[in-house]
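Heads up: the sequence lines are chains A and B, in that order. Counted the way the numbering used here counts, the first sequence spans residues 344 to 516. Counted the way the numbering used here counts, the second sequence spans residues 120 to 617. Don't be surprised by glycine CBs; every beta carbon is placed ideally from N, CA and C. Each remark here refers to the structure printed beneath this line.
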Amino acid sequence: MDGGHNCMTEFIVTINNRKFELSISEEGKVLIGDRYIRTELTEITKNAYVIRIGDSVYEISSNKLGADKFGITIDACYFDTTVRTKLQETANELQKNKSRLFHHSDVKAPMPGLLLKLKVKVGDEIKIGESILILEAMKMENELRSPASGIVKSIFFSEGQSVEKDSIIMTIE
Amino acid sequence: MIKKILIANRGEIAHRIMKACREMGIVSVAIYSEADKNALHVRRADESYLIGPSPASESYLHKEKIINLAKEIKADAIHPGYGFLSENPEFIRLVEKSGIIFIGPSSKSVEMMGEKTSARRLMKLNNVPIVPGTTEPITSIEDGKKVAAEIGYPVMLKAAAGGGGKGMRKIDRDEEFEESFNRAKNESLKAFGNDDVYIEKFIEHPKHIEVQILADKFGNYIHLFERECSVQRRHQKVIEEAPSIAVDNETREKITKAAIKAAQACGYYNAGTIEFLMDKNKEFYFLEMNTRLQVEHPVTEMISGIDLVKQQIKIASGEKLAIRQDELRIHGHAVECRIYAEDVDNNFAPSIGKIIHHRLTSGPGIRIDRGIDVQSEVPIFYDPMLSKVIAWGIDREEALARMKRALGEYQISGVITNIPVFNWILKQKAFLDGTFDINFLDNEFLPLVPDIWKEKLSENYEEIAAILGALLKQKEMHINLSKNCIEENNGWRAQLYD
Chain A
344 MDGGHNCMTE FIVTINNRKF ELSISEEGKV LIGDRYIRTE LTEITKNAYV
394 IRIGDSVYEI SSNKLGADKF GITIDACYFD TTVRTKLQET ANELQKNKSR
444 LFHHSDVKAP MPGLLLKLKV KVGDEIKIGE SILILEAMKM ENELRSPASG
494 IVKSIFFSEG QSVEKDSIIM TIE
Chain B
120 MIKKILIANR GEIAHRIMKA CREMGIVSVA IYSEADKNAL HVRRADESYL
170 IGPSPASESY LHKEKIINLA KEIKADAIHP GYGFLSENPE FIRLVEKSGI
220 IFIGPSSKSV EMMGEKTSAR RLMKLNNVPI VPGTTEPITS IEDGKKVAAE
270 IGYPVMLKAA AGGGGKGMRK IDRDEEFEES FNRAKNESLK AFGNDDVYIE
320 KFIEHPKHIE VQILADKFGN YIHLFERECS VQRRHQKVIE EAPSIAVDNE
370 TREKITKAAI KAAQACGYYN AGTIEFLMDK NKEFYFLEMN TRLQVEHPVT
420 EMISGIDLVK QQIKIASGEK LAIRQDELRI HGHAVECRIY AEDVDNNFAP
470 SIGKIIHHRL TSGPGIRIDR GIDVQSEVPI FYDPMLSKVI AWGIDREEAL
520 ARMKRALGEY QISGVITNIP VFNWILKQKA FLDGTFDINF LDNEFLPLVP
570 DIWKEKLSEN YEEIAAILGA LLKQKEMHIN LSKNCIEENN GWRAQLYD
């Protein structure tokens, strides 16, 4: 180790649903897992690169597809790559969860049953995790909690009605 | 003598024809639509003229505009390429009337082969084998059912005016007949403005084999062997080869003879192709005749050494064929891959845009016919074929190895291409051992779309792609960082000087 470790930027690259975690130093030294790889990148044009990785040189063409997306072609193989710094990846995950929290959300019946009790009404403001209804199934009372925070937009069933599995009981916005 | 040719086409085929003109000392004229003003075929022509707005109907399909321009600029001949107006008898008739030479067959031959049921009648009359079925359009469901029962299910319904898979339906049972019949009629009315359909026996596991012929205006006919075009996606050819691995000498003898008979039957001259279906027992049946130059003509050129476009021009200018059949030999093996701008994993949607990087492949046995270069637009208005990679080898194995190598070297950026698909095909056992038939891609490849087909193909390179992606991202971050630094510095300096 030569102390370059401290100035390394961590990246998460996603290709075909596979995630690669790698760190790159200022000088282009790449760390994947516990392997250090020497690389040297030469730009031929904005869309064509020559890259030395260890003992081999690869000619690669690329398309910029979005803020963190590159289409990369090597030897007639094409890869859709999503590249984020570790920080961006974390922010991205948070953002995804956040949108789950705040965007419109359906409350679905997880199992067929009898709608025993509705604890909220249209217009109520509710918080994620708040108990909203009781569904009786297989002689058991199941408490359903809200999957999102927001306002109850509509309710499609009333107490005493039976619901099928996956039917939407209410929507929250 | 032809001294000046107007090429009524665009893309790679216009470019290809211009190369022949240049080599023969003939002036080539490009026409182009507004979308094509920077296209390669315009750059490579001796003269070029804007013909109209981008939609093909107002430019490359506008018969009168094209003929008037040809007269105005004193072109001796018009080469139609393939597609567009190449097999339009009305256009050819107009050209013939204008006194300009049409580089292709007579309008009469095109007409005789254009309507499928009459072509089938003509072939039957001339002892060219046709797929068992009707040679007249089906007039009623009852009649159709009777015919289908006679030849035996499964049967195919086909549009008499058709092509390209439209108005085509497979029927497995009597109960399906009525609905399929109505649907096929509707489809073909929409696609061709004619709802005549006919019945053919369904051929199990057929190969698409076609024969290239040349004929002059003096009744001399030769063939340039067969091509194998069974690798198709929904009736669109993707890979073509010459010769066919499935055609032995005896079959070759028979099928080429049948092809020449077919060409003679319609009084054909110029270059043409007779398409056949061939079953497992090497029985072959006439499918249709393409009365023009074909996309896949280069594989025939590579194995025969004959420049088909030059032959077309010579024949059109009234020369006798200078090649004798007994001088022709199959030399080696050639294969062609059609490179399309298409997003395979997004339902094969055309990928439009500007080519921002284009590095050709080359080396032993490689030929590229292309319609693009750096800065070319790939417009939405036309067929998204960018180029064709053709590989020649002393045998099939070498040709395929060269193709694989060449595709690895070929780089295109700016649009998404189907190049990786060839990587998949070139690794399939059925393709390599020659057992594939026309259903190969539809049965083996399409179920793996989207994305699954890529999974095992390229694992070796995933890590390299990941490294490059991260390095590119890092570079971008640095550029942004140094931009900020400069701005900050400037701000600081500005304050200082204030």
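Collapsed DSSP secondary structure at residue i in the structure displayed
i, result
"residue 346(A)", "Summary for residue 346(A): the model assigns pLDDT 43, below 50, so the residue's position carries little reliability, and this model does not support an answer."
"residue 173(B)", "coil"
"residue 236(B)", "helix"
"residue 406(A)", "strand"
"residue 616(B)", "Reliability fails at residue 616(B), whose pLDDT of 40 lies under 50, so the model's placement of it is uncertain and the value that follows must be treated cautiously. Reduced to three states, the DSSP call for residue 616(B) is helix."
"residue 485(A)", "strand"
"residue 213(B)", "helix"
"residue 310(B)", "helix"
"residue 389(B)", "strand"
"residue 413(A)", "strand"
"residue 504(B)", "strand"
"residue 566(B)", "helix"
C-alpha gap between residue i and residue j, whole angstroms
i, j, result
"residue 437(B)", "residue 124(B)", "15 Å"
"residue 550(B)", "residue 582(B)", "29 Å"
"residue 477(B)", "residue 452(B)", "27 Å"
"residue 302(B)", "residue 286(B)", "8 Å"
"residue 545(B)", "residue 365(B)", "17 Å"
"residue 348(B)", "residue 584(B)", "34 Å"
"residue 385(B)", "residue 136(B)", "26 Å"
"residue 193(B)", "residue 148(B)", "11 Å"
"residue 432(B)", "residue 222(B)", "6 Å"
"residue 572(B)", "residue 564(B)", "7 Å"
"residue 158(B)", "residue 199(B)", "18 Å"
"residue 361(B)", "residue 380(A)", "45 Å"
"residue 351(A)", "residue 400(A)", "23 Å"
"residue 417(B)", "residue 131(B)", "12 Å"
"residue 265(B)", "residue 356(B)", "34 Å"
"residue 475(A)", "residue 455(A)", "17 Å"
"residue 144(B)", "residue 387(A)", "37 Å"
"residue 457(A)", "residue 510(A)", "12 Å"
"residue 346(A)", "residue 394(A)", "With a pLDDT of only 43 at residue 346(A), under the threshold of 50, the placement of this residue in the model should not be trusted; the figure read from the coordinates follows. Roughly 24 Å separates the two Cα atoms."
"residue 189(B)", "residue 219(B)", "8 Å"
"residue 293(B)", "residue 367(B)", "37 Å"
"residue 201(B)", "residue 253(B)", "29 Å"
Burial state of residue i (16 or more Cβ within 10 Å)
i, result
"residue 436(A)", "exposed"
"residue 353(B)", "exposed"
"residue 427(B)", "buried"
"residue 534(B)", "buried"
"residue 504(A)", "exposed"
"residue 161(B)", "buried"
"residue 443(B)", "exposed"
"residue 432(A)", "buried"
"residue 258(B)", "exposed"
"residue 362(A)", "exposed"
"residue 472(A)", "exposed"
"residue 378(A)", "exposed"
"residue 566(B)", "exposed"
"residue 181(B)", "buried"
Sub-8 Å separation of residue i and residue j beta-carbons
i, j, result
"residue 521(B)", "residue 483(B)", "yes"
"residue 506(A)", "residue 512(A)", "yes"
"residue 359(B)", "residue 415(B)", "yes"
"residue 343(B)", "residue 410(B)", "no"
"residue 354(A)", "residue 439(A)", "no"
"residue 452(A)", "residue 496(A)", "no"
"residue 588(B)", "residue 415(A)", "yes"
"residue 592(B)", "residue 426(A)", "yes"
"residue 373(A)", "residue 384(A)", "no"
"residue 485(A)", "residue 532(B)", "no"
"residue 490(B)", "residue 505(B)", "yes"
"residue 73(B)", "residue 440(B)", "The question about residue 73(B) has no answer here: the residues shown for chain B are numbered 120 through 617."
"residue 474(B)", "residue 493(B)", "yes"
"residue 274(B)", "residue 321(B)", "yes"
Whole-angstrom C-beta distance between residue j and residue i, which should lie under 8 Å
i, j, result
"residue 370(B)", "residue 401(B)", "5 Å"
"residue 272(B)", "residue 336(B)", "Not really, about 45 Å apart at Cβ, beyond 8 Å."
"residue 126(B)", "residue 195(B)", "Their Cβ separation, rounded to whole angstroms, is 13 Å, which puts residue 126(B) and residue 195(B) out of contact at 8 Å."
"residue 299(B)", "residue 328(B)", "Incorrect: roughly 27 Å between the Cβ atoms, too far for contact."
"residue 371(A)", "residue 590(B)", "7 Å"
"residue 315(B)", "residue 256(B)", "4 Å"
Proximal chain D residues relative to residue i, where beta-carbon distance stays under 7 Å
i, result
"residue 418(A)", "This model lacks chain D altogether, as its protein chains are A and B."
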